[in-house]
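Undergrad: Attaching a single structure in structure tokens format; questions to follow.
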Amino acid sequence: MGDRDIVLVIRHHGLGDLMTAQPALRALRRAYPNHWLVTTCPSWLCDLARRLECADEFIQDQPHKGTIGPTDHQAADPEILAKVSALKGRVDRLVSLRTPGPELLPLIDAVSPKHVLSYRYPLLPQARTSPDLDFADPIHTRWARLLIKWDVHPNPKELFLRELQPLNPSAPVIIHTGAGSPARLWPEDRWAEVIQWLAADGWGVLLTGTERERARITRIAELALLSEQCIAAGETTACGMLDLVAGATCVVSVDSGVAHLATALRTRAVTLFGPVPPACWGPPAQCTEHMTLWTGQENNPYGETTDKGLLQIWPQDVTEALRQALSFVRPESHAV
């Protein structure tokens, strides 16, 4: 880093947040080539972030000593933000790719950046002339609208890590059943029915998730009559998950970070949306290889029970989408 000025990017810390921030981070590197780009990142995602080469340095929490869960990035958020104060007096530009809130105030006071870019927040003087955050904005363009204020223009094509790949009939279909809240958990018996349809059609299936999700995934596998060899819960790092998704025939999941990974890798996907519309948090419109299912009801994404709109998606809806997604190739024989 030396004496280079710092551009500090404060972000939300989920896998989906990392993937959807790629165009913004790369645009900032181009706009400030002589600066040192630093961004916040949870420890369990740092290896993936380094592999993406999206920043020069990462501010992280202490590495997790236990099993990783789908909401750990939320718990790590305060610790990560507290460590930002170590950059006091060294930050030229601070960019907030976050929903503006009160946590920004002590952070900005601690760091004392020369310039601040954030969506408008009433208690943040540096953002009084900023645009208001509109949650109706698609996540892939949300940060672009903010960065325009500094004449920084993200390239939407930089969301993608590769071109669309040919279907590989020998690769498995990944089923990722986990989500960041109970509202986005689709029923276990419905997942099992989809898996049985895939198996009957000759497709190999791999169930992925975190170690804390393993009990639920095991129940789904038992309902679907799958062997334990088809379960990869808790066995992969974030980089490992990227490699699995890159090599998959298709990814089936609810609205989750893994769905955003599939989008970035141009892997065919079917994603079930519940309380949040795909127009806001789903793939860009040009990703025709990524199919979304949604019943049109917006609700609380952090509810304690499965969203009623998500419950209106049935296994036959998913298998019909899969039939279309997989229609260009026939599977080879798989042992399930």
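Following this note's numbering, the numbering of the sequence shown begins with 198 at its first residue and continues without gaps.
From the three backbone atoms N, C-alpha and C, an ideal C-beta is built for every residue, glycine too.
The structure presented is a predicted model; accordingly, all values stated were derived computationally and were not measured.
Identify whether Trp400 lies in helix, strand or coil by the three-state DSSP scheme.
TA: Indexing the sequence shown from 1 puts residue 400 at position 203. Reduced to three states, the DSSP call for Trp400 is coil.
Undergrad: Hey, could you find the ends of the alpha helix (DSSP H) Ile336 is sitting in?
TA: Numbered from 1 along the sequence shown, position 139 holds the residue referred to as residue 336. Run containing Ile336: Ile336 to Leu344, per the alpha helix (DSSP H) assignment.
Undergrad: Based on the DSSP output, what are the partners of Leu469 in its beta bridges?
TA: As a first step, residue 469 is located in the sequence shown; it is residue number 272 there, counting from the start. DSSP output for Leu469 lists Val451 and Leu490 as bridge partner(s).
Undergrad: Does the Cβ-Cβ distance between Glu385 and Leu420 come in under 8 Å?
TA: Counted from its first residue, the sequence shown places residue 385 at position 188. Counted from its first residue, the sequence shown places residue 420 at position 223. Yes, the pair counts as a contact, with Cβ atoms nearer than the cut-off.
Undergrad: Mapping DSSP to helix, strand and coil, what is His373?
TA: Within the sequence shown, residue 373 is the residue found at index 176, counting from 1. The three-state reading of DSSP puts His373 in strand, counting E and B together.
Undergrad: Find the nearest neighbour of Pro353 within the set Arg342, Gln362, Ala456 and Val206, judged by alpha-carbon distance.
TA: Translated into positions along the sequence shown, residue 353 becomes position 156. For Pro353, the nearest C-alpha among the options comes from Arg342.
Undergrad: Where are the alpha helix (DSSP H) runs, 4 residues long or more, that stay fully inside the segment 402 to 426, in chain order?
TA: 411 to 420
Undergrad: Helix, strand or coil for Glu355, going by three-state DSSP, please let me know.
TA: On the sequence shown, residue 355 is found 158 positions in, with the first residue counted as 1. Residue state, collapsed to three classes: helix.
Undergrad: Classify Val206 as buried or exposed, calling it buried when 16 or more other Cβ atoms lie within 10 Å of its own Cβ.
TA: Locating residue 206 in the sequence shown gives position 9, where the first residue counts as 1. Buried: at least 16 other Cβ atoms inside 10 Å.
Undergrad: What residue from Gly298, His350 and Leu469 has the CA that sits closest to Leu508's CA?
TA: Along the sequence shown, one-based indexing puts residue 508 at 311. Answer by Cα proximity: Leu469.
Undergrad: Just checking, does the segment 242 to 253 make contact with the segment 288 to 306 on the three C-beta pairs under 8 Å criterion?
TA: By the Cβ criterion, the segment 242 to 253 is not in contact with the segment 288 to 306, since fewer than three pairs of Cβ atoms, one from each stretch, lie closer than 8 Å.
Undergrad: Candidates Thr415, Cys251 and Ala466: which alpha carbon is nearest Pro351's?
TA: Residue 351 sits at position 154 when you count from the first residue of the sequence shown. Cα-wise, what sits closest to Pro351 is Cys251.
Undergrad: Could you tell me the distance, in whole angstroms, from the CA atom of Trp511 to the CA atom of Arg520?
TA: As a first step, residue 511 is located in the sequence shown; it is residue number 314 there, counting from the start. As a first step, residue 520 is located in the sequence shown; it is residue number 323 there, counting from the start. Just so you know, the alpha carbons of Trp511 and Arg520 end up roughly 14 Å apart.
Undergrad: Ile203 by DSSP, collapsed to three states: which one?
TA: Within the sequence shown, residue 203 is the residue found at index 6, counting from 1. Strand.
Undergrad: For Glu254, which residues of its own chain have a beta-carbon under 6 Å away from its beta-carbon, when the five flanking residues on both sides are left out?
TA: If you number the sequence shown from 1, residue 254 lands on position 57. Result list for Glu254: Val235, in chain order.
Undergrad: Please report the straight-line C-alpha distance between Val442 and Asn231, rounded to a whole angstrom.
TA: One-based indexing of the sequence shown puts residue 442 at position 245. One-based indexing of the sequence shown puts residue 231 at position 34. Whole-angstrom Cα-Cα distance: 35 Å.
Undergrad: Assuming contact is defined by CB atoms lying nearer than 8 Å, are Ile414 and Leu403 in contact in what I supplied?
TA: As a working note, residue 414 is residue 217 in the sequence shown. As a working note, residue 403 is residue 206 in the sequence shown. Against a cut-off of 8 Å, the Cβ pair of Leu403 and Ile414 comes out as no contact.
Undergrad: For Arg325, which residues of its own chain have a beta-carbon under 8 Å away from its beta-carbon, when the five flanking residues on both sides are left out?
TA: Walking along the sequence shown from the start, residue 325 turns up at place 128. Here the set comprises Arg317.
Undergrad: Using the beta-carbon count (16 or more within 10 Å), is Ser530 buried or exposed?
TA: As a working note, residue 530 is residue 333 in the sequence shown. Bear in mind that the predicted position of Ser530 carries a pLDDT of just 36, short of 50, making it too unreliable to give a figure here.
Undergrad: I'd like the span of the alpha helix (DSSP H) that includes Ile305, first residue to last.
TA: Position 108 of the sequence shown, counted from the first residue, corresponds to residue 305. Counting along the chain, the alpha helix (DSSP H) containing Ile305 begins and ends at Leu301 to Val308.
Undergrad: Please report the residue range of the alpha helix (DSSP H) in which Trp241 lies.
TA: Position 44 of the sequence shown holds residue 241. First-last of the alpha helix (DSSP H) with Trp241: Ser240 to Leu249.
Undergrad: Could you check what DSSP says for Asp253 in three-state terms: helix, strand or coil?
TA: Numbered from its first residue, the sequence shown carries residue 253 at position 56. It is coil, neither helix nor strand.
Undergrad: What residue range is occupied by the uninterrupted beta strand (DSSP E) comprising Leu519?
TA: For the purposes of this step, residue 519 is identified with residue 322 of the sequence shown, where counting begins at 1. Careful: Leu519 lies outside any beta strand (DSSP E), inside the alpha helix (DSSP H) at Pro512 to Ala522.
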